[in-house]
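Q: Please find one structure pasted underneath; my questions will follow.
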Amino acid sequence: MSKLGTRSFTLLQTVTSVGLSALAWAVTGVRPIWSGSQPSDRQRIYFANHASHGDFILLSACLDEKERARTHAVAAADYWGKSRLRRFIAQDMLSSVLIHRQWTDEAQNPIVIMLSVLDKGHSLIIFPEGTRNMTDAPLLPFRSGLYNLSMARPDVELIPCWIENMSRVLPKGQFVPVPLLCRVVFGAPIALAPGEERRAFLDRARQTLLALNPRPQTHDAEKSNPVFRKTLCDHTTRSDIRHDAPGDD
7 MSKLGTRSFT LLQTVTSVGL SALAWAVTGV RPIWSGSQPS DRQRIYFANH
57 ASHGDFILLS ACLDEKERAR THAVAAADYW GKSRLRRFIA QDMLSSVLIH
107 RQWTDEAQNP IVIMLSVLDK GHSLIIFPEG TRNMTDAPLL PFRSGLYNLS
157 MARPDVELIP CWIENMSRVL PKGQFVPVPL LCRVVFGAPI ALAPGEERRA
207 FLDRARQTLL ALNPRPQTHD AEKSNPVFRK TLCDHTTRSD IRHDAPGDD
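Below, the structure is given as structure tokens:
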């Protein structure tokens with residue numbers, strides 16, 4: 007690509023990013039709440055609840071321009087790579103990192119791909135549930151991606167982010183947003199404790215994220231949800247955790 011072409015492409019990316027952020031602010035009036043953390047130049051992994059394709063756009067809109075430019079959402083290649091248009095939007099326009107949740111080639115290993123982005127000094131947005139939560143439970147069990155990243159890069163700050171209302175603004179299967187007020191609550195950073203086991207860390211990270219929910223649901227109500235119980239069983243009995251990586255579908 008020529009220098010002129012590269013500049014034009016970069017300009018298009020910038021315009022897309024700014025335009026989507028402006029749209030997010032206009033439609034949702036999104037209000038970032040920094041509770042235990044503050045905007046920073048530190049490299050970060052933002053981990054959030056996930057119920058809508060608009061989640062990462064809303065979260066990104068809460069970051070300043072410099073941080074937004076170096077922060078990439080992790081998304082599922084099996085959805086966003088289905089067509090050239092989807093891949094162009096996700097990868098080229100939104101600078102998302104596409105991962106394969108079912109992979110066989112080491113080159114497609116989600117952790118390797120995400121670590122390569124971190125090694126460039128960039129930040130990530132991940133959704134540890136691994137898929138959009140379409141249940142009544144406030145949060146699905148976490149998959150192993152967050153733990154694997156924290157093990158490999160303990161110096162990268164882990165910031166929990168609770169996204170409120172986005173699933174009502176852009177429900178599954180819809181493409182026209184409904185104007186509703188939204189909030190993104192940024193919590194205090196967490197870190198993997200010395201000797202902390204995978205499941206203990208993931209449960210703690212999940213509870214930290216749940217604690218940011220402005221409208222918490224009871225633990226009993228969550229456990230009584232049959233979909234939640236099945237998902238919890240699937241995640242805790244999985245013998246091969248290589249495929250447990252955050253994504254979007």
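Residue numbers (the numbering used here): 7 to 255. Glycine residues also receive a C-beta, built at the ideal position from the N, C-alpha and C atoms.
Please list the terminal residues of the continuous alpha helix (DSSP H) segment that includes residue 119.
A: 116-124
Q: Return the Cβ separation of residue 206 and residue 164 in integer angstroms, given the expectation that the two are a contact with Cβ distance under 8 Å.
A: The pair is not a contact, with the Cβ atoms about 15 Å apart (cut-off 8 Å).
Q: According to DSSP, is residue 202 part of a helix, a strand, or is it coil?
A: coil
Q: What first and last residue would you give for the beta strand (DSSP E) that runs through residue 189?
A: From DSSP, the beta strand (DSSP E) with residue 189 extends over 189-192.
Q: Leaving aside the five residues before and after residue 62 along the sequence, list all residues of the same chain whose C-beta is less than 7 Å from its C-beta, in chain order.
A: 79 and 131
Q: Enumerate, from N- to C-terminal direction, the unbroken alpha helix (DSSP H) stretches of 4 or more residues contained entirely within the segment 51-81.
A: 61-67 and 71-75
Q: Select from 22, 55, 56 and 51 the residue whose C-alpha is nearest the C-alpha of residue 71.
A: The option with the nearest alpha carbon to residue 71 is 22.
Q: Tell me the rounded alpha-carbon separation between residue 155 and residue 75.
A: 21 Å
Q: How far does the beta strand (DSSP E) with residue 37 in it extend, from its first residue to its last?
A: 37-40
Q: At which residues does the alpha helix (DSSP H) containing residue 109 begin and terminate?
A: Where residue 109 is concerned, there is no enclosing alpha helix (DSSP H), given that its DSSP letter is neither H nor E.
Q: Is the distance from the Cβ of residue 58 to the Cβ of residue 149 below 8 Å?
A: no
Q: Measuring CB to CB, does residue 166 end up less than 8 Å from residue 193?
A: yes
Q: Below 7 Å CB to CB, which residues in the same chain sit around residue 186 once its five sequence neighbours on both sides are set aside?
A: Answer for residue 186: 34, 171, 174 and 175, listed in chain order.
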